[in-house]
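Undergrad: Next up is a structure, given as structure tokens.
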Ligand SMILES: *[C@@H]1O[C@H](CO)[C@@H](O)[C@H](O)[C@H]1NC(C)=O
Ligand SMILES: *[C@@H]1O[C@H](CO)[C@@H](O)[C@H](O)[C@H]1NC(C)=O
Ligand SMILES: *[C@@H]1O[C@H](CO)[C@@H](O)[C@H](O)[C@H]1NC(C)=O
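Residue numbers (mature numbering (1 follows the signal peptide of the UniProt record, and there is no 0)): -16 to -1, 1 to 506.
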């Protein structure tokens, strides 16, 4: 108990901002990238709540610049021009309706908050914003907030271009323009107040927290001052005194981790640990390398997965296999990242993440675009969501087999991924145990006596009897199928009274892995 109090004292009041406030024992977050609010609302009701997803990360809800060259890129939403809640995803009333409906079925909403900057310095002047608000990038004038030229950081930046030129210089990284984006002066009380007002409006509407964009580019002290002004969560849905869940995007971690090894790390993830969780970019990059078997990596090396791999402390990590940046070659991770374009590997990597206890896990839900590589770079990495010719985002149609149409990938609906989100809930709180590996790419592990998973990423078959620690009986594999009434639609696994079970997985199976859990028992 003393230790507990001491820990609380060390972590401070910010520790509360590490809790996603998931309901009903749910655990996984899904990023419904670029979805319309109307579609998110109905997805919460018809799919996410029934399948036990804890929450949704939504795209930025603020008004942004309208970019036409290239035509409506996804990144226009990362260029705010006002804090009006009006975007490609919908209006303020549609946003409010979505938050209410998702909360009413126990699915939390986490907002992607862009608070480091406004639009690009070359964004021009006029009303070319998604909801028609006037602004001037050259004059740094955003009257709808209002922000004017003295609310930006340029006087602090010491580079010739005004942009970040050297990512090894912590002052440039925080005080200069990230790829030309007008950098807000978060040291100013007025600016902090306006940003907090925007976030508080969303909290009062019922959101559970924020993914904070570009945190590496804000001073931890400025961020602390903004986050310190945030309201507690809305007590219509959350218990009194709940702090918003904060997870901070810090996409330079891999690059900087290499710098650490070289002894010159300018910005450390741990500078942000007291404020909330931090996105662990090494996780997906390493996992991708392992499942691709690049650099001599083997799945058996994941025996010490987590902090043992030099990742941040468990209580600070937000983990993912891919995200909207690195699935299209932006940010850290490069070609190692496994995305829906490599579905077999993607399903295995996501299943590994969801089966493993480390971190708060986020599943990516993408849209397709026509990739066009020239010299290894995708020329179409900018392409925005499935849209009509007039730029309006298309709704997400659901096919009779539960998959999505019109270019929406909906990885979160794939049977293997959906069932592993349920697996994570069923084994929540159970320790990892009964580890087995063949010193190559066949591994298995359990979570207490609640679940067990076996992977075969070798180029030959797996045929082995393992101790699952699970109660004897017949279980449905939730990868090749699932439990449907009194039968299994896929493989059946028989666990003996001693907890041992025989597993056979061909390397040629559609999905060379098997998972069973307490609720898949016949
Ligand atoms: C854009 O086009 C779609 C499909 O034709 C239509 O339903 C929608 O109302 C249009 N939106 C606007 C803002 O013109
Ligand atoms: C890996 O597993 C297979 C069968 O499960 C076994 O034959 C093989 O010897 C194991 N070890 C290595 C190093 O491949
Ligand atoms: C299976 O593993 C559990 C937990 O490690 C252990 O208590 C049990 O004795 C093992 N059973 C067998 C048959 O080896």
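For each residue, glycine too, the CB sits at the ideal point set by N, CA and C.
Measure from the alpha carbon of residue 276 to the alpha carbon of each residue in 80, 305 and 254, then state which is nearest.
TA: Answer by Cα proximity: 305.
Undergrad: On the CB-based measure, 16 or more other CB atoms within 10 Å of its CB, does residue 266 come out buried or exposed?
TA: Residue 266 should be labelled buried.
Undergrad: Go through its chain and collect everything with a Cβ distance to residue 346's Cβ below 8 Å, but skip five positions before and after it.
TA: Hits under 8 Å: 12, 13, 14, 15, 41, 302, 303, 304 and 307.
Undergrad: What are the uninterrupted segments assigned as alpha helix (DSSP H) that are 4 or more residues long and contained completely in the stretch 4 to 55, given in chain order?
TA: Those alpha helix (DSSP H) runs which fall completely within the stretch 4 to 55 and span 4+ residues are 21 to 27.
Undergrad: Hey, how far is the Cα of residue 27 from the Cα of residue 260?
TA: Between residue 27 and residue 260, the C-alpha separation is close to 28 Å.
Undergrad: Output the residues surrounding ligand 1, defined as those with a CB atom closer than 6 Å to any ligand heavy atom, in chain order.
TA: Spelled out in chain order, the answer is 372, 374 and 376.
Undergrad: Does any heavy atom of ligand 3 sit closer than 7 Å to the C-beta of residue 483?
TA: Yes, the Cβ of residue 483 comes within 7 Å of a heavy atom of ligand 3.
Undergrad: Can you tell me whether residue 284 sits near ligand 3, meaning its C-beta is under 7 Å from at least one heavy atom of the ligand?
TA: Residue 284 Cβ: outside cutoff for every heavy atom of ligand 3.
Undergrad: Among residues of its own chain, excluding the 5 on either side of residue 449, which ones have a beta-carbon nearer than 8 Å to its beta-carbon?
TA: Excluding residues within five positions, the ones whose Cβ falls inside 8 Å are 484, 485, 486 and 487.
Undergrad: I'd like to confirm something about residue 507: is its beta-carbon nearer than 7 Å to some heavy atom of ligand 3, or not?
TA: Outside the shown range of the chain, which is -16 to 506, sits residue 507, and nothing can be said about it.
Undergrad: What is the residue span of the beta strand (DSSP E) that residue 140 lies within?
TA: Looking at the DSSP string, residue 140 is not in any beta strand (DSSP E), and its letter there is neither H nor E.
Undergrad: Could you give the distance in angstroms between the alpha-carbon of residue 1 and the alpha-carbon of residue 493?
TA: In a straight line, the C-alpha of residue 1 is about 42 Å away from that of residue 493.
Undergrad: Thinking C-beta only, is residue 404 closer than 8 Å to residue 338?
TA: Yes, they are a contact pair.
Undergrad: Here's the rule: buried if 16 or more other CB atoms are within 10 angstroms of the residue's CB, otherwise exposed. What is residue 369?
TA: Classification of residue 369: buried, given that the 10 Å Cβ count is 16 or more.
Undergrad: Using a Cβ-based criterion (distance less than 7 Å to any ligand heavy atom), does residue 342 qualify as near ligand 5?
TA: Annotation note on ligand 5: not contained in the displayed structure, which lists ligand 1, ligand 2 and ligand 3 as its ligands.
Undergrad: Do you know whose CA, among 272, 464 and 109, lies nearest residue 398's CA?
TA: The residue with the shortest Cα to Cα distance from residue 398 is 464.
Undergrad: Could you tell me the distance, in whole angstroms, from the CA atom of residue 157 to the CA atom of residue 141?
TA: Using only the alpha carbons, I get a separation of about 9 Å.
Undergrad: Around the Cβ of residue 257, are there at least 16 other Cβ atoms within 10 angstroms (buried) or fewer (exposed)?
TA: Classification of residue 257: buried, given that the 10 Å Cβ count is 16 or more.
Undergrad: Taking DSSP's pairing of strands, which residues face residue 117 in a bridge?
TA: Bridge partners of residue 117: none, in fact.
Undergrad: Within the present structure, is the beta-carbon of residue 478 separated from the nearest heavy atom of ligand 3 by less than 7 Å?
TA: False, no ligand heavy atom lies under 7 Å from that Cβ.
Undergrad: Is it the case that the Cβ atoms of residue 433 and residue 415 are separated by a distance below 8 Å?
TA: Not closer than 8 Å, so no.
Undergrad: Can you list, in chain order, the residues of its chain whose CB lies under 6 Å from that of residue 133, leaving out five sequence neighbours each side?
TA: The answer, listed in chain order, is 124.
Undergrad: For residue 417, is the beta carbon positioned less than 7 Å from some heavy atom of ligand 3?
TA: Yes, the Cβ of residue 417 comes within 7 Å of a heavy atom of ligand 3.
Undergrad: Do three or more CB pairs link the stretch 97 to 107 to the stretch 160 to 169 at distances below 8 Å?
TA: Yes, since at least three Cβ pairs between the stretch 97 to 107 and the stretch 160 to 169 fall closer than 8 Å, the two stretches touch.
Undergrad: Whole angstroms are fine: how far does the CA of residue 37 sit from the CA of residue 406?
TA: The alpha-carbon atoms of residue 406 and residue 37 are separated by roughly 8 Å.
Undergrad: With contact counted as at least three CB pairs below 8 Å, one residue from each stretch, are the stretch 92 to 101 and the stretch 139 to 153 in contact?
TA: The stretch 92 to 101 vs the stretch 139 to 153: no contact.
Undergrad: Using C-beta distances below 8 Å, list every residue in its chain close to residue 168, excluding the 5 sequence neighbours before and after it, in chain order.
TA: Cβ within range, chain order: 99, 100, 101, 102, 131, 135, 136, 137, 175 and 179.
Undergrad: Say the cut is 7 Å; is the CB of residue 453 nearer than that to a heavy atom of ligand 3?
TA: At least one heavy atom of ligand 3 is nearer than 7 Å to the Cβ of residue 453, so yes.
Undergrad: Quick one, which of 354, 495, 172 and 198 has its alpha-carbon nearest residue 63's?
TA: Here the closest residue by C-alpha is 198.
Undergrad: Assuming contact is defined by CB atoms lying nearer than 8 Å, are residue 25 and residue 81 in contact in what I supplied?
TA: Yes; because the gap between Cβ atoms is below 8 Å, this pair is in contact.
Undergrad: Reducing DSSP to helix, strand and coil, say where residue 106 ends up.
TA: Three-state DSSP puts residue 106 in coil, outside helix and strand.
Undergrad: Who does residue 457 pair with in a DSSP beta bridge?
TA: Note: residue 457 sits in a beta bridge opposite 479.
Undergrad: With 16 as the cutoff for other CB atoms within 10 Å, does residue 436 come out buried or exposed?
TA: When all chains shown are included, residue 436 counts as buried.
Undergrad: Just list the alpha helix (DSSP H) runs in the stretch 250 to 307, keeping only unbroken ones of 4 residues or longer that don't cross its boundaries, in chain order.
TA: For the stretch 250 to 307, whole alpha helix (DSSP H) runs of length 4 or above, ordered along the chain, are 265 to 276.
Undergrad: Pick out whichever of 253, 428 and 318 has its Cα sitting closest to the Cα of residue 278.
TA: Ranking the options by Cα distance to residue 278, first place goes to 318.
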